[in-house]
Structure formats: structure tokens, C-alpha cells
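So the sequences go chain by chain: A and B.
The numbers in this note's numbering rise by one with no breaks, and the one at position 119 of the first sequence is 119.
Take any residue in the second sequence, note its place counting from 1, add 1000, and you have its number in this note's numbering.
Glycine included, every Cβ here is placed at the ideal spot set by N, Cα and C.
Here the structure comes first, spelled out in C-alpha cells, and everything after it is commentary.
Number of protein chains: 2
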Amino acid sequence: MRRWALTIALDPQHELPLFLQLAGAIAEDIRRGRLKAGDALPGSRELADLLGVNRNTVVAGYGELVAEGLLSTRVGGGTFVAQAQAAPVATIAPSSEFPTYALAPPAHPPPHDAPLPAGVLMLSQSIADVRLFPDRALARAFRRAIGSRSRSLLARSDARGHPRLRGELAAMLARSRALAVTPDNLMITRSIEQAIDLVARTLIAPGDAVAVEAFGYPPARSVLKLAGARLLPIPLDDEGMDVAALEALLKHQRLRAVIVTPHHQFPTTAVMSRGRRERLAELSLQHGFAIIEDDYDHEFHYEGKPVLPIAAGHGRGNVIYVGSLANLLAPGIGTGFVAAPPPVFERLAGLRAASDARGDAAMECAIAELFEDGELLRHVRRTRRIYQARRDAFAAALERQLGGALSFHIPEGGMALWARADDGIDVPAWTAAGAREGVWFKDARAYDFFHREQPFLRLGFSYHDEAELNEAAARMARALQQVRAKRRPIETGQRAATRAARSA
Amino acid sequence: MRRWALTIALDPQHELPLFLQLAGAIAEDIRRGRLKAGDALPGSRELADLLGVNRNTVVAGYGELVAEGLLSTRVGGGTFVAQAQAAPVATIAPSSEFPTYALAPPAHPPPHDAPLPAGVLMLSQSIADVRLFPDRALARAFRRAIGSRSRSLLARSDARGHPRLRGELAAMLARSRALAVTPDNLMITRSIEQAIDLVARTLIAPGDAVAVEAFGYPPARSVLKLAGARLLPIPLDDEGMDVAALEALLKHQRLRAVIVTPHHQFPTTAVMSRGRRERLAELSLQHGFAIIEDDYDHEFHYEGKPVLPIAAGHGRGNVIYVGSLANLLAPGIGTGFVAAPPPVFERLAGLRAASDARGDAAMECAIAELFEDGELLRHVRRTRRIYQARRDAFAAALERQLGGALSFHIPEGGMALWARADDGIDVPAWTAAGAREGVWFKDARAYDFFHREQPFLRLGFSYHDEAELNEAAARMARALQQVRAKRRPIETGQRAATRAARSA
Chain A
1 MRRWALTIAL DPQHELPLFL QLAGAIAEDI RRGRLKAGDA LPGSRELADL
51 LGVNRNTVVA GYGELVAEGL LSTRVGGGTF VAQAQAAPVA TIAPSSEFPT
101 YALAPPAHPP PHDAPLPAGV LMLSQSIADV RLFPDRALAR AFRRAIGSRS
151 RSLLARSDAR GHPRLRGELA AMLARSRALA VTPDNLMITR SIEQAIDLVA
201 RTLIAPGDAV AVEAFGYPPA RSVLKLAGAR LLPIPLDDEG MDVAALEALL
251 KHQRLRAVIV TPHHQFPTTA VMSRGRRERL AELSLQHGFA IIEDDYDHEF
301 HYEGKPVLPI AAGHGRGNVI YVGSLANLLA PGIGTGFVAA PPPVFERLAG
351 LRAASDARGD AAMECAIAEL FEDGELLRHV RRTRRIYQAR RDAFAAALER
401 QLGGALSFHI PEGGMALWAR ADDGIDVPAW TAAGAREGVW FKDARAYDFF
451 HREQPFLRLG FSYHDEAELN EAAARMARAL QQVRAKRRPI ETGQRAATRA
501 ARSA
Chain B
1001 MRRWALTIAL DPQHELPLFL QLAGAIAEDI RRGRLKAGDA LPGSRELADL
1051 LGVNRNTVVA GYGELVAEGL LSTRVGGGTF VAQAQAAPVA TIAPSSEFPT
1101 YALAPPAHPP PHDAPLPAGV LMLSQSIADV RLFPDRALAR AFRRAIGSRS
1151 RSLLARSDAR GHPRLRGELA AMLARSRALA VTPDNLMITR SIEQAIDLVA
1201 RTLIAPGDAV AVEAFGYPPA RSVLKLAGAR LLPIPLDDEG MDVAALEALL
1251 KHQRLRAVIV TPHHQFPTTA VMSRGRRERL AELSLQHGFA IIEDDYDHEF
1301 HYEGKPVLPI AAGHGRGNVI YVGSLANLLA PGIGTGFVAA PPPVFERLAG
1351 LRAASDARGD AAMECAIAEL FEDGELLRHV RRTRRIYQAR RDAFAAALER
1401 QLGGALSFHI PEGGMALWAR ADDGIDVPAW TAAGAREGVW FKDARAYDFF
1451 HREQPFLRLG FSYHDEAELN EAAARMARAL QQVRAKRRPI ETGQRAATRA
1501 ARSA
């Protein structure tokens, strides 16, 4: 009989009790074939001495494995590896790792974890440059928030968000955006996506028609569809959603809601004119549909009269207003919010209490401190100035490097340029060449309701500084040269072939 | 003509442009009646001098109000408060504050913001005592997380949670609970409720039957119903869910899922026996339904063999495992998680990406640091010891103070006692008297599937220290005396009436 030597060191500090650690180690050795059917285990006293544990620990560990069918005891004493093994935990067939019930296809592509490789410049997302983030101030605020007020703060949990942040944010929204918002109809959410999801689930019954912008934010479309909405795309132009087209649709179609990004249309950056906003609000009162106003980057408006949100005007009883601090602070701090008239708010809060019962009191209070000590408003002013300069620098660099190939207007606000590539350009080939050159950008296909191939690009300028944006434009230009260089020889060759065919 | 004096000080540091501040101030004075229809406004130059602003600011502000119909200009010059006012922002009729579309009733009662009054002892919730919370360690970890790694950390966002915390948590779950969990099938959620909500929305189609425990967690029932599930309650006993009853149900009812709290049944605290767990897993394989295993307070098991989760055993391919760190850390830090086999996980991640696209990278990394430096495991051991002592002290105090009125078993784990009040006791009157005495506790009606009046109480012991728990038991006893004292005269009166009727 081979002599088995246990190779595990039991750890009294370990979470798992010693007897289960022992049982796990033996089961593992059986699985690996180091212990085979019929092999004898050491006596419990012997093993206990060897391991420096109480004998009862060994008895209990063996008992576990006997119960699992991995070990057996024999008349006359002794413990052995069992002959016919019941399927033990450690040797489960791969099939039992997978569900035996049917699953619907995924509702949305799952995220993939692709950190930005070093040196790559990223224009494909318009997110906050976290190098500007007041990290020390937030860390200080967080320490103060969870330190001195521990008990009252961390023990409470309110699905609507902590009253301190609700109060600060409501005051800010009332002051700077003229919204009729109080802490009683304002909820802090984990993200703007959560806010839209709560609204969708509160408003939509399966089959309800919802108008969306023809180019828009894919997660918003996904959650509306998940709630059962039938989505109807409305065309866009330089003034945002074409409200006349919406009006025409309303002649023969009842709508439950319209979701719209009037401030800086996502992704085209167009500002919806005041006239269209008012008309949209009127239509909503007249036809009894809700307006979901997504004001995701309100702070970043650089010129022209800022037009007030639809939620600040007549008809605001039909408007549900969602926003976010993520574009102001950092993608990793996604705090969003939703404001709604009381009857809607009550339903949103109930849904939130069921589906995500506890707010993030610690982070919410830390952000409230940033409001209270003025840090947040200073950060708004500072980043607005910086992003405006980046917009201008980036537009100039694109003009210089890619003047003939890209056309765009300078947006009044936001964190991205919306540009159209020249007709002759193979955009997918260009973006692929760009990735090889170390600049990530992409066409607008993902934003298009119909997922068509696009000559349009949304180029984020907020994430990089001016020197980086210059370099990004240069890389885009090099990538374009490669694409053109590749195509030219083929064209020449084709032309030669054509000539040859003619002369034949 | 009365002379109007503008009372606002314009603030150049304010978020709102000066001209809009001015327009808002004038509109407010019109709303309050300080300016009446026909009143003349000062000339733009005069007002500009008065306010110390550029004249164009005044012109633009007046222009806003003219556009809104609040002011009018007259031929020959001058600006006046308009006669017939279009409904201006500030004077909207109350009706326009409310939606003109229909709303379904709330899916779940909205939360109400009731902070614990000073001095009140709270047994109605079994939540972490945040006085034990390692607040300094977390604040330090948070500072390190958002400080040194700002760019890589705050810029990234992954709906599945930050890889660092996924890695740490997966290792812990594999080590201490023998789960087949890796960072690739483990998602960090905002809360355990969000985890259950994602699972419900991924699994359930309208009309699907889902078995629930007859007493359970109301938010879980709410989100299952919201997803369209038809809920079927399964009875409970001292070994948790009655699996034989489930088996009988399966003879004539197809199930999509069973949601269960085997570790410490919520709210009854019963530990599901190993035999029942195995049978449940077998049934799930045989009948092709999912098991949603809710292991909300795994750490707090004080004695007896810890039974491994169903998700660690045979049939785990059908188990979706949800848990939380909130009971370990603090309600205000609700971080939860869900682990599932790959095909289910992919769908959960897709739904999360659509409905709450960005994880909380900052907090997640701070918690990952607590794992990495061993702080979290130390906290587990420490609080487990403390809560066990509190359980014993509280049980002894209840025995002493309320021995005849309450019967209960000492639970093997968890954060609460499940007690039965003597038949003669008017439980609602007792809990009301308790609130007057400064102790909050409640009967189990909210947990009951049928919302029936209950002789059962779930009494949380984790939130208070031993002296407080002693005092809480004393207050409960005083409250009971009051209820009995009140009832006795009535009973006596009734008896007297009965006697009178008899003797008549």
C-alpha cells in the first residue's frame, strides 16, 4: 500500500473551518489521483498529530467526506478512499457547470474589459479627463463624511439618495437651470443609465410607442426596449430632433413618451432651438405623452445663450429630467439623478426601493461636501474653460491636418465634435488604420437607430489635453494616408486593367 | 407710478449668466406682485449703472422676459410689465406641475426618510453596527485608490465591477465558500437588491412561475413580480424551505426559478439542512429551473458545521448566487454581487451594461484594498465574535425580561432572533407601545407572503451593543406591561358584562 502524504498546511486564520480545509485538501488529492480508490487514510490520531490539530478536527473532516461518498469506513476500523464515488464537488462533469434551463438571448452586448493601452489616444468616448479631477478634495470629503458622522450616515440608507446631496443638488438645479426641483422630487441614482432605466420601467407597458432620436445613446434604447417599448426614430438636423416630423407622426400614432437630448444632442451635439423645445412641450400636453429629457452634460456649454431645459418651462409637469455628474467628475464616479413631478417621483422611488434599496450614502455625502465648500462649482468653471480650449485646439488641429477630409461645425457645447468624412473615404478602414497608429476613434454606426454604415464620426476632445489632441489629429491624418495609399495602387491597377481591356 | 427697486444682488460667480439672473429676479417680483401689469421698468442704461453691469446684460435680460411674454416694449420707448401674461415659468398653474398622462400604481411602497430619533433603540432592522466599521481604513484605502491610480482607475468603467475587487472577492468566495467563482463570472453590484433585480429581469418572462419562501424579503418579491413572475409561496419550518412541498408542487406546476435563503432563512433564521439543499439542487436539474440562492449574511455563522452553499454543490450549473457586503460593512456601503454560470453571467452583464453602465470604480477599489491588506477578514472575525456575544446577551435579556411572553430558539447565525409572542398578546398594540417607550420593533407581517397579522417578531441584535440590547429588552417589557394593563380593565369589564348577561 502506497503511503499518502498530505501536502496542505491548515491555516487557523482561514475563513473555512479546519475540518473543511482538511476535507477539501483530501478531496483535491482524490481528484488529482494522488489518492486512489481503496487507498487507506492515516488514523485520525496519527493525522491529528501530524497536522498539529485536535483529533476531532480530523474525525469531522473524514466524516464530511464519508457523507459525500468520497471516503468509506470498514468494519474493523480504518478509513479508505471509496470505490464507487458519488459525483463529488471537485469532480463535477463540465455539463453541470451550465444551466439546464433555456435562456433568452442577451438584451445588450455584455461589456468587455479593455483598458486603454499605454500611449493610445482615445477619441471614441467623450468622458471626463480624470487628471483634472479634484481627487484630494474628494478623498478629504469622503474621510470627513464617513468619519465624524459614521453612525448617522452609514447606518441610514435611503433609496432616493442621502438628503444632504439631494438638498445641494436641488438647490444647484433650481439656481443654475431654473428647474422646479426640491429634495422631495429629486432622486440620486447610481448612474444616468439607472435613472433612464427606472423611468422606462415606471412609464412603459409592453407595446407602448416611444419616440427616440434617430441617432442616440444605445443603453437608453436598450432599457426602453427591455421595458417593452416599441421605438420610433425621429430625424435630426442642426436644431436637434425634428419636432415637425414628430408632430406628423402624432397624427396617426399615440406615444407614451419621447426621449430627447435637447441641450447637446447625443451624439450630434446640436442644440435644440427654443422654439422646438416649446413646441415639443406643447405637443406633450396636447397628446399626453411624457418627455424624458436627458441633460447628460449640461455644464459644458461654451457660448451663445444657454437655453433652459424643457423641464424649466411650460409643460414641465410632463417632463422627467435626468442628468449626471459623471461627465463632470469621472466615469468611475457615475452619480446621476432624476427629477420628476410628485406622482411620477413616488413611483420612481418605489421602484428604486425594490430594485436597489440602498443608496451610496458615503459617496453621496462626500459629493455633498464638495458642493458645500464650493469645490464642485470651482471644478465646473475650471473644466468648462479647459474643455472649451481643448475644443478649439482640436478643431484647429483637425482643420490643419485633415481639412479636406473632414467637415464639422464647432459645437456650442459638449465634449465631442461631430464630423463628416469625405465621401471617398473608407471610414471602417480609416478607423482600423487609426487603431494601428495609436488613436482610437469610431464611426457613428453604434448610435444610429438602424445601425447603418456611417460617414459620421463623433470625436471626443475632453479626455486629452491640447498637445495630445494635436498628436491624435496627426495620427488620424497618417492613418488616412495609409488607407488612401493602399487604395491607390489597386485603383491604378484596375485602371491599367481597364485600359488593357479597352485596347484589346 | 410706483418706483420699483430691484432687490437682487447679481453674482458674477454664479453658474447662471447675469442676464438670466436678472430676468429671474424680475420674473420673481412680477410673480410676487411687487411689479404689476403696466409698471414701467427702469431704462437699460439706468439699471445697468445701478447694478454695476454692462448695459447689454440688462438688454438681454429684458429681451428674455419680452420673449417669455412677461414684459412688453412700447412704441416711443420704455419697457413695461405685460398686460396679458403668457403663462411664465414662475407663475405656472399648479396643474402644469402634474403629468397629463396616466400612471400605473407604484410597484412598491416608496421609501420614507425616517432617521432614527436620538435615544431610540432599533430592533426592527438587522443591519451592521457602523460603530464597528473600519472607517479610517476605508478612508485611507479610498484616498489611495483615487489618488495614485486616478487615471487608470477613475477613467475606466466596467459594468461588471472593477477587476481588482472581482479578483479579491472571487478568491474569497472560492476559498471560504468553495464556490466555482472566478472574476469572469462574478459581477459587483450596487446592492444585493440590484443583483436580484438583474437576475429577475434576465430569467423571468411574464407569466413564469417562481417559487418563493412563504416568509421572505419584500424587495425580492417586488422585483420578481415586476419582471412578470407569478409567485408561489412554499412553506417553511425549522430546516428552512419545505422541499417536499416544493416537490409536490412540481408534480403539476412547471417552475422557472426558486428563490431561497438557505444559509440563514430570511426572516426566520432557520438553516436549511444539507439533505434539503441536495434535494433542491437535484429537483432543479430534473425539472430545469433556476435556483436563486440569496446568501445575504454568510459571514455571521456562530456554531455548528457551516453548510456549504447550494452553489458549491452538485447542480451548481443551475444556481445563481447573490450576496452582499452591506451586512458586513455598513448599509450605506451596499456593495453586492452575483455569480452565475457563463451563459447566464453574459446576459446579466449585458443587462447591467444597459441599465447601469458604470460601476463605482473608486469605492470598489477602496474595498479591494481592504481585502488586500487583510482588513476585511479581520473585520469579519471581529464582528462575528461581537455579534455572537450580542446574540447571547440579547437572548438572555429577553429570557429574563420577557420569558413568559416570547419563545424563540437561539439562531445558529445571522443578525436577528425569530421569536413568537404568546397567544394572548396584542402584537400591534405592543409594537406601538414599544415605539412610545423608545424601542422600535415590528411583527413579521411585512415578510409574510399573504400579509397576515403575525404573532412572530424578527428582532435584530446586530445594531446595538449589549447594554443597549439589555435596555431594549427592558423597554419591550415595559411596553408589554402597558398593553396588558390597558387590556385588563376592558377584559374585566367584558367579563362583568358577560356575568351580568348570564345572571340576567
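Asked	Found
C-beta atoms of residue 195 of chain A and residue 336 of chain A nearer than 8 Å	yes
Bounding residues of the beta strand (DSSP E) (the contiguous stretch that carries residue 173 of chain A)	Looking at the DSSP string, residue 173 of chain A is not in any beta strand (DSSP E); the run it does join, the alpha helix (DSSP H), is 163-177.
Environment of residue 356 of chain A [buried if 16+ CB atoms lie within 10 Å]	buried
Terminal residues of the alpha helix (DSSP H) in which residue 363 of chain A lies	361-372
Chain-ordered neighbours of residue 1279 of chain B on chain A, where CB pairs are closer than 7 Å	Going along chain A, no residue has its Cβ under 7 Å from residue 1279 of chain B, so there is no contact; the nearest lies around 14 Å.
Beta carbon of residue 223 of chain A nearer than 8 Å to that of residue 242 of chain A	no
Straight-line Cα distance separating residue 389 of chain A from residue 1181 of chain B	47 Å
Coarse secondary structure for residue 492 of chain A, derived from DSSP in three states	Summary for residue 492 of chain A: the model assigns pLDDT 45, below 50, so the residue's position carries little reliability; its value from the coordinates is reported in the next sentence. In this structure, residue 492 of chain A counts as helix in the three-state DSSP scheme.
Residue 1027 of chain B (DSSP reduced to helix, strand or coil)	helix
CB contact below 8 Å: residue 1360 of chain B versus chain A	yes
Run of the alpha helix (DSSP H) containing residue 1387 of chain B, from where it starts to where it stops	1375-1402
Contacting residues, own chain, Cβ-Cβ under 8 Å from residue 347 of chain A (five flanking each side not counted)	202
Which listed residue (A/28, A/52, A/391, A/464) has its alpha carbon closest to that of residue 440 of chain A	A/464
First and last residue of the uninterrupted alpha helix (DSSP H) at residue 293 of chain A	Note, residue 293 of chain A: premise wrong, no alpha helix (DSSP H); beta strand (DSSP E) at 290-295.
Straight-line Cα distance separating residue 295 of chain A from residue 1097 of chain B	19 Å
Euclidean distance between Cα positions of residue 1232 of chain B and residue 108 of chain A	30 Å
Range of the contiguous alpha helix (DSSP H) that encloses residue 105 of chain A	Segment: none, residue 105 of chain A is in no alpha helix (DSSP H) and carries neither H nor E.
Touch test, the segment 1255-1267 of chain B against the segment 1300-1320 of chain B, Cβ-Cβ under 8 Å, three pairs minimum	yes
Straight-line gap, residue 1284 of chain B to residue 1411 of chain B (C-alpha atoms, nearest Å)	28 Å
Residue 1418 of chain B to residue 216 of chain A span [Cα, whole Å]	51 Å
Residue 1343 of chain B versus A/82, A/63, A/383, A/105, residue with shortest Cα-Cα distance	A/105
Proximal residues to residue 199 of chain A (C-beta, below 6 Å), its chain only, five neighbours per side dropped	292, 320
Residue 1205 of chain B, buried or exposed, once every other Cβ within 10 Å from all chains shown has been counted against 16	exposed
Buried or exposed by the 16-neighbour rule on C-beta atoms within 10 Å, applied to residue 1353 of chain B	buried
Cβ-based burial, residue 1251 of chain B [other Cβ within 10 Å; buried from 16]	exposed
7 Å Cβ cut-off: residues of chain B touching residue 355 of chain A	1193, 1194, 1197, 1223
Meets three-Cβ-pair contact criterion under 8 Å: the segment 164-173 of chain A and the segment 395-412 of chain A	no
As assigned by DSSP and simplified to three states, the class of residue 100 of chain A	coil
Cβ of residue 1062 of chain B within 8 Å of any chain A Cβ	no
Limits of the unbroken beta strand (DSSP E) element including residue 1081 of chain B	1079-1081
Any chain A beta carbon closer than 8 Å to residue 1266 of chain B	no
Residue-chain proximity (residue 1476 of chain B, chain A), Cβ-Cβ < 8 Å	no
Contacting positions in the segment 322-356 of chain A - beta carbon closer than 7 Å to chain B	326, 330, 331, 332, 333, 334, 341, 343, 344, 346, 347, 349, 350, 351, 353, 354, 355, 356
Beta-carbon proximity list for residue 1010 of chain B, same chain, < 7 Å, skipping 5 on both sides	1018, 1021, 1022, 1051, 1053
Residue 247 of chain A versus residue 1330 of chain B: straight-line alpha-carbon distance, rounded	51 Å
Any chain B beta carbon closer than 8 Å to residue 302 of chain A	no
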